[in-house]
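Visitor:
4 protein chains.
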Amino acid sequence: MSFAELLAFERLPAEAGSAVLRARVTPAHVNMHGSAHGGFLYSLADEAFAIASNSREADAVALSVHMDYFRPVFPGDLLVATASEEHLGRSVATYRVAVARHGAPAGEDAPGRRDAPRAAGDAAPHEDTAGETVALFTGTVYRRPRRSGAG
Amino acid sequence: MSFAELLAFERLPAEAGSAVLRARVTPAHVNMHGSAHGGFLYSLADEAFAIASNSREADAVALSVHMDYFRPVFPGDLLVATASEEHLGRSVATYRVAVARHGAPAGEDAPGRRDAPRAAGDAAPHEDTAGETVALFTGTVYRRPRRSGAG
Amino acid sequence: MSFAELLAFERLPAEAGSAVLRARVTPAHVNMHGSAHGGFLYSLADEAFAIASNSREADAVALSVHMDYFRPVFPGDLLVATASEEHLGRSVATYRVAVARHGAPAGEDAPGRRDAPRAAGDAAPHEDTAGETVALFTGTVYRRPRRSGAG
Amino acid sequence: MSFAELLAFERLPAEAGSAVLRARVTPAHVNMHGSAHGGFLYSLADEAFAIASNSREADAVALSVHMDYFRPVFPGDLLVATASEEHLGRSVATYRVAVARHGAPAGEDAPGRRDAPRAAGDAAPHEDTAGETVALFTGTVYRRPRRSGAG
């Protein structure tokens, strides 16, 4: 089990240089104030950053990251992190990741862990609406020639 | 279960305005490269930041954070995050958190999750040595009058 | 003379919550490598950030900023900084500022200080083309009720 | 004239990997609020960062920087920026720069531009006292083999 699996991040289709991840906040993700831990939001953004930056012909290693928190999120909230490329250089590259909150789908408005899969045919929340941006991440990677087949 | 419990962060004694946390990297914390996920290191630093900033007479909410990664860490590595106050103002405050790696104690050099408590009398690793700094975090909080007894 | 005047920043029209500034790199702005000093690019972005954040009904004071440098720029290069609002809250707000390099207009391709005003009728460079982003800035302000008429 | 000369930064002795710079805030350095422009404080920190990072056996180019502002400073204030090495790697390195305000020396307490040199024998302000930290900067450079004799 990887860290992304431990936190139940779900990867959605995206172009090379981009990434879209979805995660549900559960009671296991909260901080001392009862809202989602800053580390949980960060981890979602960081994973999207890692996928986007490693989708190019190089291994990308995070050097320096910055995150601004706009609003708290709570158990039951569905989050979508969207990573996009700001600059792709030979040795370094920079990505922006917006983390947006989407309203709970109909019939899923109670807070708490949700193990049930979404019903077939449900549109991905990030396709319905842009949601409300709750945090913004900027990260820079160091790029080196790929050593292995790892993505 | 909170996020800090999910990740098995262990809180060590510290003065007001400071915090010291310890965590062991396990296989559940790794990224696509097999080293600890940036989100795991960040979460440890962020939790130390939250404890230190909420130890003052106000509720502290993270606004803006920055993290630099120096070296990868791997399953079996023991990490200690030490938060200290850089500036304490009325409405905002800034903290620095250094994350250091400590060598595995004798007899504990195999990677993997370690549920066994440290033997009585073992010195806390961060008291033995400063370790090697593997990441550096700076975070700024917004402070507002405390609403509740939460720490 | 203010700092923005010392560095000859030129303010272009923009909506509330936004700002657009233009500046020419001169030999007085270079660093030890002969390219524009990081502080010059930063100051341009920071001034756009200040104008955008103070265009709202509050005095905005910079708390925390982050900047990534993508490419060096040189004397003669024309820079345009465009600030936009990422999040406007009651007590804090966050802005993004992209700094783009625009090719020297025809007949102005020689590096060096340019004191001559642009000819009337010249289109503003940022209207011609998006330019090439050379640096990206993110900044967060603390907002407090306006004390004076200062903009 | 370089940018550091334009802003009258004064370099004080420091060990390799470190740097200490001093500057006086003048009326030409102020922002719309009448305090020193964020870009002025940043430029001082950035120049100390550049000197420290280029004092090693490589050319260092700034990639990513972060700055937190703690307190405003005003014309007449004397600032000292002290850069120290947080991490020196082969391809990247990270520096911390603290910017401190020092009280005006006796007989120099009036705000405004000060063109007079310090009297011979005056102790450097940063040797007298640590001052009050007004801003904190963290910066990461990319290091590449030195091409020239430039420092």
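Chains as they are written, first to last, in my numbering: chain H, 1 to 151; chain U, 1001 to 1151; chain X, 2001 to 2151; chain G, 3001 to 3151. Every residue, glycine too, gets a C-beta built ideally from N, C-alpha and C.
Compare the beta carbon distance of Phe2003 (chain X) and Ala3050 (chain G) with 9 Å and say whether it is the shorter of the two.
Guide: No; because the gap between Cβ atoms is not below 9 Å, this pair is not in contact.
Visitor: Mind listing which residues of the stretch 1064–1075 of chain U have their C-beta closer than 7 Å to chain G's C-betas, in chain order?
Guide: Residues passing the 7 Å Cβ filter: His1066, Asp1068 and Phe1070.
Visitor: Step through the CB atoms of chain H and report whether any lies within less than 9 Å of the CB of Tyr3042 (chain G).
Guide: Not an interface residue.
Visitor: If the criterion is Cβ atoms closer than 9 Å, does the pair Val80 (chain H) and Val61 (chain H) meet it?
Guide: Taking 9 Å as the Cβ cut-off, Val80 (chain H) and Val61 (chain H) do not qualify as a contacting pair.
Visitor: Closest Cβ-Cβ distance between Val1092 (chain U) and chain X: below 9 Å?
Guide: Yes, Val1092 (chain U) counts as interfacial toward chain X.
Visitor: My assumption, with CB atoms under 8 Å, is that Val2097 (chain X) sits in contact with Ala2045 (chain X). Please give the rounded CB distance.
Guide: With a Cβ gap of about 4 Å, Val2097 (chain X) and Ala2045 (chain X) count as contacting.
Visitor: In terms of alpha-carbon separation, which member of U:Val1065, U:Gly1039, U:Tyr1069 and U:Leu1012 lies closest to Arg1022 (chain U)?
Guide: Looking at the Cα atoms, U:Leu1012 is the closest of the given residues.
Visitor: Among the residues of its own chain, which have a CB less than 6 Å from the CB of Thr82 (chain H), if the five just before and after it don't count?
Guide: So the qualifying residues of the chain are Val20 and Ala98.
Visitor: Under 9 Å between C-beta atoms, does Asp1046 (chain U) make it to chain H?
Guide: So, interface residue.
Visitor: Can you give me the C-alpha to C-alpha distance between Tyr95 (chain H) and Arg143 (chain H), rounded to a whole angstrom?
Guide: One C-alpha to the other measures close to 13 Å.
Visitor: Give a yes or no on whether the minimum CB-CB distance between Glu1086 (chain U) and chain G is below 9 Å.
Guide: Yes, Glu1086 (chain U) counts as interfacial toward chain G.
Visitor: Where does the unbroken alpha helix (DSSP H) through Phe1137 (chain U) begin, and where does it stop?
Guide: Here Phe1137 (chain U) belongs to no alpha helix (DSSP H); instead the beta strand (DSSP E) covers Glu1132 to Arg1144.
Visitor: Any beta-carbon of chain U closer than 9 Å to the one on Thr2140 (chain X)?
Guide: Taking Cβ atoms only, chain U reaches closer than 9 Å to Thr2140 (chain X), which makes this a yes.
Visitor: Is there a Cβ of chain U sitting closer than 9 Å to that of Leu3136 (chain G), yes or no?
Guide: Leu3136 (chain G) counts as touching chain U.
Visitor: What do you get for Ala58 (chain H), buried or exposed, if any count of 16 or more other CB atoms within 10 angstroms of its CB means buried?
Guide: Ala58 (chain H) should be labelled buried.
Visitor: Taking only the alpha-carbon atoms, compute the straight-line gap between Gly1131 (chain U) and His1102 (chain U) and give it to the nearest angstrom.
Guide: Rounded to whole angstroms, Gly1131 (chain U) to His1102 (chain U) spans 5 Å at the Cα level.
Visitor: Hey, how far is the Cα of Gly1076 (chain U) from the Cα of Ser1035 (chain U)?
Guide: Between Gly1076 (chain U) and Ser1035 (chain U), the C-alpha separation is close to 11 Å.
Visitor: Could you round the C-beta distance between Thr2138 (chain X) and Asp68 (chain H) to whole angstroms and report it? I think they count as a contact, below 8 Å.
Guide: Yes, they are in contact, since the Cβ atoms of Thr2138 (chain X) and Asp68 (chain H) sit about 7 Å apart, within 8 Å.
Visitor: Which of helix, strand or coil does DSSP assign to Glu2086 (chain X)?
Guide: Note: Glu2086 (chain X) maps to strand in three-state DSSP.
Visitor: Starting from the C-beta of Val1141 (chain U), find all residues in its chain whose C-beta is less than 7 Å away, skip the five residues before and the five after it, and write them out in chain order.
Guide: Closer than 7 Å at Cβ, skipping near neighbours: Ser1053, Ala1060, Val1061, Ala1062, Leu1063, Val1092 and Ala1093.
Visitor: In the DSSP assignment, find the unbroken alpha helix (DSSP H) run with Leu3041 (chain G) in it and report its ends.
Guide: Segment Gly3038 to Ser3053, the alpha helix (DSSP H) holding Leu3041 (chain G).
Visitor: Taking only runs that begin and end inside the stretch 1008–1040 of chain U, name each unbroken beta strand (DSSP E) of 3 or more residues, in chain order.
Guide: Entirely contained in the stretch 1008–1040 of chain U, the beta strand (DSSP E) runs reaching 3 residues are, in chain order, 1010–1012 and 1019–1024.
Visitor: Near Val1073 (chain U), what residues of its chain come up, given a Cβ to Cβ distance below 6 Å and the 5 sequence neighbours on each side ignored?
Guide: Excluding residues within five positions, the ones whose Cβ falls inside 6 Å are Val1025, Ala1036, Arg1101 and Val1134.
Visitor: Contact check, Ala2086 (chain X) vs Leu136 (chain H) under 8 Å by CB: the rounded distance?
Guide: In the sequence as presented, Ala is not what sits at residue 2086 (chain X); that position holds Glu. Confirmed, Cβ separation roughly 6 Å.
Visitor: Do Val1066 (chain U) and His3066 (chain G) have their C-beta atoms within less than 9 Å of each other?
Guide: According to the sequence shown, residue 1066 (chain U) is His rather than Val. Yes, these two residues count as a Cβ contact at 9 Å.
Visitor: Apart from the five residues just before and just after Gly3017 (chain G), which ones in its own chain have a Cβ nearer than 8 Å to its Cβ?
Guide: The residues are Ala3052, Ser3055, Arg3056, Ser3084, Glu3085 and Leu3088.
Visitor: Just to make sure I have the definition right: I need the residues of chain U whose C-beta is within less than 8 Å of the C-beta of Val80 (chain H). Which are they?
Guide: The premise fails here: Val80 (chain H) is roughly 16 Å from chain U at the closest Cβ pair, so nothing lies under 8 Å.
Visitor: For the beta strand (DSSP E) that Ala3060 (chain G) lies in, which residues bound it at each end?
Guide: Where Ala3060 (chain G) is concerned, the enclosing beta strand (DSSP E) stretches over Asp3059 to Tyr3069.
Visitor: Residues of chain G with CB closer than 7 Å to the CB of Leu2006 (chain X), please, in chain order.
Guide: Simply Ala3028.
Visitor: In angstroms, rounded to a whole number, what distance separates the CA positions of Ser43 (chain H) and Leu2078 (chain X)?
Guide: C-alpha separation (whole angstroms): 38 Å.
Visitor: Which residue comes first and which comes last in the beta strand (DSSP E) that contains Val1099 (chain U)?
Guide: Here the beta strand (DSSP E) through Val1099 (chain U) covers Val1092 to His1102.
Visitor: Tell me where the alpha helix (DSSP H) around Phe3003 (chain G) begins and ends.
Guide: Phe3003 to Leu3006 is the extent of the alpha helix (DSSP H) around Phe3003 (chain G).
Visitor: For chain G, find out if any of its Cβ atoms is closer than 9 Å to the Cβ of Ala2150 (chain X); answer yes or no.
Guide: Its pLDDT being 44, under 50, Ala2150 (chain X) is placed unreliably by the model, and the measurement read from it follows with that caveat. Closer than 9 Å to some Cβ of chain G, the Cβ of Ala2150 (chain X) qualifies, so yes.
Visitor: Any beta-carbon of chain X closer than 9 Å to the one on Gly3017 (chain G)?
Guide: No, Gly3017 (chain G) does not count as interfacial toward chain X.
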